[in-house]
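Heads up: the structure comes next, in structure tokens.
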């Protein structure tokens, strides 16, 4: 009986591993294929399932990087960083401050404002994007990164506010009080006590916002019009549209390059990333 | 002395409650300027003929009348979008739950698999992956090659065939099931183990335990995932825009594309605002429906 039970358990575990591995391969195979195909000549990309290239092409990254002539992928890469890094920094800054306000103070109107903030989680971007576009147009922000910076500065990402509120609520208030006795004002408490303890949630929010803004296509598409300001998403799409059939490996190579920063960031801090959604998670 | 200090510190936030308003001020301004006022003005514009070229003129319900009676794209797009949402969201959640169940067992490599399964969710929304998808599902793409290797001679053009194009787009969204999976995983871990032990004593099989314990205990997470994924799916844009351009025969012309075309290609801003409000009302209706029915199927344990 016991022996049978044990064998059954082993079979069960083995079955789970097999399914996990098979599904895992299914999940990442397209990405692996993309990587190896960036070294293949066209005729090897189509019509066979071989993963490794036979006649490897080694210059696809160098050639792809040259872009469409006038602008290289260096421009797009730099633009992406110019667009994403300040957006991420401003998002974290504003969300932390606002979350502190909601988490620790019971000011008049707290309940209703908190409810409003939470309800904006469900506000579809599609409904506000057109008037926002008009507003940015009036303010002269079109074709600049301001449409990314300003909503970040003014805490328009309720997801992160909520995430930080949840985290701050888990921090004991005794620490705040001890600091208060030591003569800290509330702002000093936030900076000296709460922030250092919030490192995990700050890291996970940073990665989230980095990846989302980095991959964002729709907003870049409508707000950025000059090629000299294109982030990678638009630059890649442009080379896709202008590419003649002779250089798919270059497109693939640049596709790999364009997602690399996200992949690196994810692997550097994947522990926080996954925990971040587990504790507060919302978006998908 | 000590007592007084203690009392002081105990009241520390109470004495400065108004300071909270100062801290939330950035959000309040952002909310008014970037969320509330656009929301209201989009409602106003939906009653005008505003285009990027001219002044906005009030035309009453004409946009709404046109959209329901004249515009063939609206009806097509709405039906395609509903199909897409009903396909994508349940498939994504079922898949996420399935994998979460597998990962919930104490296995050595759980963290590794969790990471691997999450990768598509990080990259999936990018232009790079949309490009990849186009190649995978082309007539002579990798998918057909793999089918052929298994002896299935497939010449299906997954992207160009009206029967399969929408499913191909939907699959890209399902592929990004990572965040739902992580939420389920966290939920499964919180289910008290003694429930299973009790069920075991009562002789319930593993399958039965899944349906009488795991599923009910996870319904709050299912509910949350359903709402958030639904709102996202209703607005999906990048994949159809880049992979199929809405075709073939408008079979993947999702609502997000309809909005984009009217607003930013034809510059019919007023009309696009009307479209966006119809979408908003539909999303609200579905959300309310879910909330209303939640009392019947979402289970909240008493401690909560």
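Protein chains in written order, with our numbering: chain D, 3 to 286; chain S, 77 to 380.
We put the CB at the ideal spot given by N, CA and C, even for glycine.
Counting the other CB atoms within 10 Å of its CB gives residue 274/S a total below 16, which places it among the exposed residues. Taking C-beta separations shorter than 7 angstroms and ignoring five residues to either side along the sequence, the partners of residue 171/S in its chain run 250, 253, following chain order. The Cβ atoms of residue 230/S and residue 245/S lie no closer than 9 angstroms to each other. Around the C-beta of residue 182/S, fewer than 16 other C-beta atoms lie within 10 Å, and the residue is accordingly described as exposed.
As a beta-bridge residue in DSSP terms, residue 124/S pairs with 134/S. Straight through space, the alpha carbons of residue 102/D and residue 185/D are spaced by roughly 19 angstroms. Neighbours of residue 96/S in chain D, taken as residues at a C-beta separation under 8 angstroms, are given in chain order as 103, 104, 106, 107, 108, 109, 112. Between residue 132/S and residue 140/S the beta-carbon gap is near 16 angstroms, outside 8 angstroms, which marks them as no contact.
Taking the C-beta atoms as reference points, residue 192/S is found nearer than 9 angstroms to residue 29/D. Spanning the alpha carbons of residue 96/S and residue 110/S requires a straight line of approximately 21 angstroms. Beta-carbon to beta-carbon, residue 203/S and residue 318/S are separated by about 6 angstroms, close enough to satisfy the 8 angstroms threshold. Excluding sequence positions up to five before and after residue 211/D, its CB lies within less than 6 angstroms of the CB of 90, 93, all in the same chain and listed in chain order. In terms of Cβ geometry, residue 338/S and residue 348/S form a close pair [threshold 9 angstroms]. Around the beta carbon of residue 270/S, a 10 Å sphere encloses fewer than 16 other beta carbons of the protein chains shown; the residue is thus reported as exposed. Comparing alpha-carbon positions, the option among 164/D, 131/D, 45/D, 62/D lying closest to residue 216/S turns out to be 45/D. Closer than 8 angstroms at the C-beta level to chain S, one finds these residues of the stretch 24-38 of chain D: 25, 26, 29, 30, 32, 33, 35, 36.
With its beta carbon less than 9 angstroms from one in chain D, residue 203/S belongs to the interface. Contact annotation: residue 138/D and residue 144/D have beta-carbon atoms nearer than 9 angstroms. Taking a Cβ-Cβ threshold of 8 angstroms, none of the residues of chain D is close to residue 270/S; the smallest such distance is about 21 angstroms. Residues of the same chain with a CB within less than 7 angstroms of the CB of residue 192/D, apart from the 5 flanking positions on each side, are 102 in chain order. Residue state for residue 20/D is assigned as helix, using DSSP reduced to three classes.
For residue 169/D and residue 124/D, the gap between their C-alpha atoms comes out near 21 angstroms.
Taking 4 residues as the minimum length, the alpha helix (DSSP H) runs contained wholly in the stretch 161-209 of chain D are 175-183, in order along the chain.
Under the Cβ criterion of 9 angstroms, residue 296/S is not counted among the residues facing chain D.
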